[in-house]
Each structure stands twice: as structure tokens, then as C-alpha cells.
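Note sheet for the following structure.
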């Protein structure tokens, strides 16, 4: 597998070659490849790679699924291709089953690209309903949700990009997204490449932006959506939801149905990945690039400092104005509405 190494962006567009599943697992854990839908695609191709190498496909799928446990798409992609391989292996040869696995991974890749386009259109229509009047939308986003996380144009970013191309985006506010700066490094990179009007802000500046009346809507992605509509997304999303509620600003989540996990009852049941303390106690603008500290960056905290570093936080459904999927929009967000929408999709996950 050949990946665009996201740890090297925006300074350098570099390829990362993964010759086997352990190499891909390392790439996932170090965030060289990241983003919920893209992790699903990576998991699918990873299993296909194991099949092509004649390795234990079930073990490969398990290794990949555990690489980032909060991201439900990763397990979905790996399991889907593993099932296709096992079914084919029962009636054919190893090479034939491996070919089926690769075809299934490519199908998932194609479906994700198509879903991205539909989400962008549904999201744009929703914004027109929520924000009537002229002048264009001022949207605040968090983390990175563009083409770098998808087989297509992305999730939340795809909506903003569609708005830009239709002339209805006034400004895109980009949270830098500490501690690994996915907003600063990746979303700003994508916004600039697409000629979008954008500004970068520290996560802690979002409150003053709301207070100044400069945000019309918050639009984010998701790494897992529980059966009750609770949303796990990059840490820092929940505070934005609280701010949006207080300031009467719509808070919109955009994610494919592959991100919905009906087997996870509610937000408290979502396993939140805890990452290394060095991501907080050291600073680097480019994760993966070695520096002076043990973790590779510049030390910014006293030796021995402990850090609380969850990769995600959970936003309860009552703070979410709407969830946009490729199957349509849910608003208000309820477990019943989510189940009904997912019933129209064959892609929904049950863990």
C-alpha cells in the first residue's frame, strides 16, 4: 500500500509505502493515515494486502481494528473485506479469494467517494434551511474532514467546499486542533489549495469568536456515532457544541453511515483512545519529525509532568442540531431517527 504521509504535511507531500499489515498498523497509530472514512478504506486494503501475501486474514483484520479502537470505520472496512475473503476461500483457491478481497476493498473505496458527494449536497441544502438570507455562511470547523480523510472530497469539509464552489461560503474558521494540529496542518492546507476564504485560530479563541457573532454554524465530522446519536469526534468538539448551544448557533455533524455503530448504546459506551503524554508535554508542528524530546518534539513542560490526552471527546445528541449522512439528514437527533435512517443503508456498523 502506498499512502500520502499526513505527518509530513503541509511542508512536504511524501509517499509512505506499507509492505505488510504491521507497517500499516504503525502508519495508523502514528497518524500517517487518519480520518474515519479513510481509516475504513485503509483497513479494507490492509486485509486485501494480507490476503495477497497469503497471510492470516482474520488476524490481520483484528490487528487493524485494534490500531485505533474509537474509529469504527477502521473495523468496519477490515471486517467487511475479511468476510468477503472467507466466503470466497470456501469455494475457491487462495489467489482467487485474494482477488475477491481486493475487489471488495475497491468497492468500499468507490462507495465512500460517492457517499462524500451526497453528504456535501445534503449538507449544503441543510445550511440553506438553517441559515436563510444572503451574505454567505461563516462556518467553524474542527480537526480535518476533507479529501485527506476520504475517498472523495470528505465529510464536513466537503460541505464547506461545496458551499464555496456555489458562492455561499463567506468564511471558513479553522480550529488549529491541539495537540497535533490537524486543523493547522491539514485543513488549512486543503482550504488553501481550493482557494477558500479561511482563517486559522487557536482552539481557545473559539469562544471569543462566538461572542463576537462571527460564527453562523459549526460543522464537524465524527469517528463514531452511538445508537442514541452521541458523537465521538476529535477532542475539542464537545466544547464547541456547548458554545454553539449557548450562542444559539447550529452544530452540525457530517459522517457516512459507516460511522454509525448501532451496537454502541450511548456515548458512555464509546471507548476513547488515550494517546501518549508526549503529544502534550512536547511540541512539534510536524508529528513524526524527530526533535529534542523523547517523543520527538521540543519539551514544553517540566520533566515528569503527567498529561491527560484523550484523542476524542463525546458530544451528547441534545447538543447536535443535525447529523448529515449519505442517506439524508437527521434533525432532531434521536435514537429512533438514527435507526430509521440507517435501515436504508447496507453499510451501518453493529459492533
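Numbering (our numbering), first residue to last: 61 to 411. Yeah, the Cβ is synthetic: ideal placement off N, Cα and C, and Gly gets one too. On a predicted model such as this, the values are computed, not experimentally measured, just so you know.
Alpha helix (DSSP H) runs contained entirely in the stretch 293 to 367, provided each spans 4 or more residues
Runs of the alpha helix (DSSP H) inside the stretch 293 to 367: 297 to 306 and 338 to 341.
Buried or exposed by the 16-neighbour rule on C-beta atoms within 10 Å, applied to residue 265:
Position 205 of the chain shown holds residue 265. Exposed is the label assigned to residue 265, since fewer than 16 other Cβ atoms lie within 10 Å of its Cβ.
How far does the beta strand (DSSP E) with residue 186 in it extend, from its first residue to its last?
Along the chain shown, read from residue 1 onward, the residue named residue 186 stands at position 126. Careful: residue 186 lies outside any beta strand (DSSP E), inside the alpha helix (DSSP H) at 154 to 190.
Under the three-state reduction of DSSP, which class applies to residue 115: helix, strand or coil?
To locate residue 115, count along the chain shown from 1; it is residue 55. Note: residue 115 maps to coil in three-state DSSP.
Closest to residue 99 by CA distance: which of 124, 76, 222 and 196 is it?
Within the chain shown, residue 99 is the residue found at index 39, counting from 1. If we check each option's Cα against that of residue 99, 124 comes out closest.
Cβ atoms of residue 158 and residue 424: under 8 angstroms apart, would you say?
A question about residue 424 goes unanswered here, because the residues of the chain that appear run from 61 up to 411.
Does the distance from the C-beta atom of residue 287 to that of residue 324 stay below 8 angstroms?
In the chain shown, the residue the question calls residue 287 occupies position 227. In the chain shown, the residue the question calls residue 324 occupies position 264. Contact: yes.
Would you tell me roughly how many angstroms separate the C-alpha atoms of residue 305 and residue 296, rounded to the nearest one?
The count along the chain shown starts at 1 and reaches residue 305 at position 245. The count along the chain shown starts at 1 and reaches residue 296 at position 236. About 15 angstroms.
Between which residues of its own chain and residue 105 is the CB-CB distance below 7 angstroms, once the five residues before and five after are set aside?
As a working note, residue 105 is residue 45 in the chain shown. Result list for residue 105: 61 and 165, in chain order.
By the 10 Å Cβ neighbour count, where 16 or more other Cβ atoms means buried, how is residue 216 classified, buried or exposed?
The residue you call residue 216 lines up with position 156 of the chain shown. So residue 216 counts as buried.
Determine the direct distance from the alpha carbon of residue 318 to that of residue 399, and round the result to whole angstroms.
Translated into the one-based positions of the chain shown, residue 399 becomes position 339. Translated into the one-based positions of the chain shown, residue 318 becomes position 258. The C-alpha of residue 318 is placed about 13 angstroms away from the C-alpha of residue 399.
At the level of alpha carbons, what is the spacing between residue 349 and residue 261?
Against the chain shown, residue 349 aligns to sequence position 289. Against the chain shown, residue 261 aligns to sequence position 201. Unreliable placement is indicated for residue 349, whose pLDDT of 44 sits below 50; the coordinate value is still reported in the next sentence. Using only the alpha carbons, I get a separation of about 23 angstroms.
Alpha carbon to alpha carbon, how far is residue 153 from residue 226? Give it in angstroms, no decimals.
The count along the chain shown starts at 1 and reaches residue 226 at position 166. The count along the chain shown starts at 1 and reaches residue 153 at position 93. Computed Cα separation, rounded: 50 angstroms.
For residue 238, the three-state DSSP class (helix, strand or coil):
On the chain shown, position 178 is the one that residue 238 refers to. Residue state, collapsed to three classes: coil.
Could you name the residues of the same chain whose beta carbon sits closer than 8 angstroms to that of residue 73, not counting the 5 residues immediately before and after it, in chain order?
The residue given as residue 73 occupies position 13 in the chain shown. The beta carbon of residue 73 sits closer than 8 angstroms to those of 64, all from its chain and outside the five residues before and after it, given in chain order.
Between the beta-carbon of residue 343 and the beta-carbon of residue 303, is there less than 8 angstroms?
The count along the chain shown starts at 1 and reaches residue 343 at position 283. The count along the chain shown starts at 1 and reaches residue 303 at position 243. No, Cβ-Cβ distance for residue 343 and residue 303 is not below 8 angstroms.
Which of the three DSSP states is assigned to residue 91 in this structure?
On the chain shown, position 31 is the one that residue 91 refers to. Shown here, residue 91 sits in coil according to DSSP, grouped into three states, outside any helix or strand.
Spatial neighbours of residue 93 in its chain, beta-carbon cut-off 6 angstroms, leaving aside the 5 residues before and after
Along the chain shown, one-based indexing puts residue 93 at 33. Answer for residue 93: 63, 87 and 102, listed in chain order.
Using the beta-carbon count (16 or more within 10 Å), is residue 182 buried or exposed?
To locate residue 182, count along the chain shown from 1; it is residue 122. Buried.
Closest to residue 156 by C-alpha separation, out of 171, 113 and 222, would be which residue?
Along the chain shown, one-based indexing puts residue 156 at 96. Per the C-alpha coordinates, the member of 171, 113 and 222 positioned closest to residue 156 is 113.
Apply the 10 Å Cβ neighbour rule to residue 204 and answer buried if 16 or more other Cβ atoms are within range, or exposed otherwise.
Position 144 of the chain shown, counting from 1, holds the residue named residue 204. Residue 204 sits buried, since 16 or more C-beta atoms from the chains shown fall within 10 Å of its C-beta.
According to DSSP, residues forming a beta bridge with residue 373
Position 313 of the chain shown, counted from the first residue, corresponds to residue 373. Beta-bridge pairing links residue 373 to 293.
Decide yes or no for the touch test of the stretch 129 to 149 against the stretch 235 to 249: beta carbon pairs closer than 8 angstroms, at least 3 of them.
They do not touch, by the three-pair rule.
For the stretch 357 to 374 against the stretch 172 to 192, are there 3 or more C-beta pairs whose distance is under 8 angstroms?
Touching, no.
For residue 389, count neighbouring C-beta atoms within 10 Å of its own C-beta (all shown protein chains included) and say buried if the count is 16 or more, exposed if not.
Counted from its first residue, the chain shown places residue 389 at position 329. Buried, by the Cβ-count rule.
Does residue 308 pass the burial test, meaning 16 or more other C-beta atoms within 10 Å, or should it be called exposed?
Start at 1 with the first residue of the chain shown, and residue 308 comes out as number 248. Looking at its Cβ environment, which holds fewer than 16 other Cβ atoms inside 10 Å, residue 308 is exposed.
Let's see if you can read the secondary structure: which residues bound the alpha helix (DSSP H) around residue 398?
For the purposes of this step, residue 398 is taken as the residue at position 338 of the chain shown. In the DSSP assignment, residue 398 falls within the unbroken alpha helix (DSSP H) covering 395 to 402.
What's the call for residue 373, buried or exposed, on a 16-neighbour Cβ count within 10 Å?
Taking the first residue of the chain shown as position 1, residue 373 is located at position 313. Looking at its Cβ environment, which holds 16 or more other Cβ atoms inside 10 Å, residue 373 is buried.
Integer Cβ distance of residue 117 from residue 127, believed to fall under 8 angstroms
Position 57 of the chain shown, counted from the first residue, corresponds to residue 117. Position 67 of the chain shown, counted from the first residue, corresponds to residue 127. Between residue 117 and residue 127 a beta carbon distance of about 16 angstroms is seen, past the 8 angstroms cut, so the two are scored as non-contacting.
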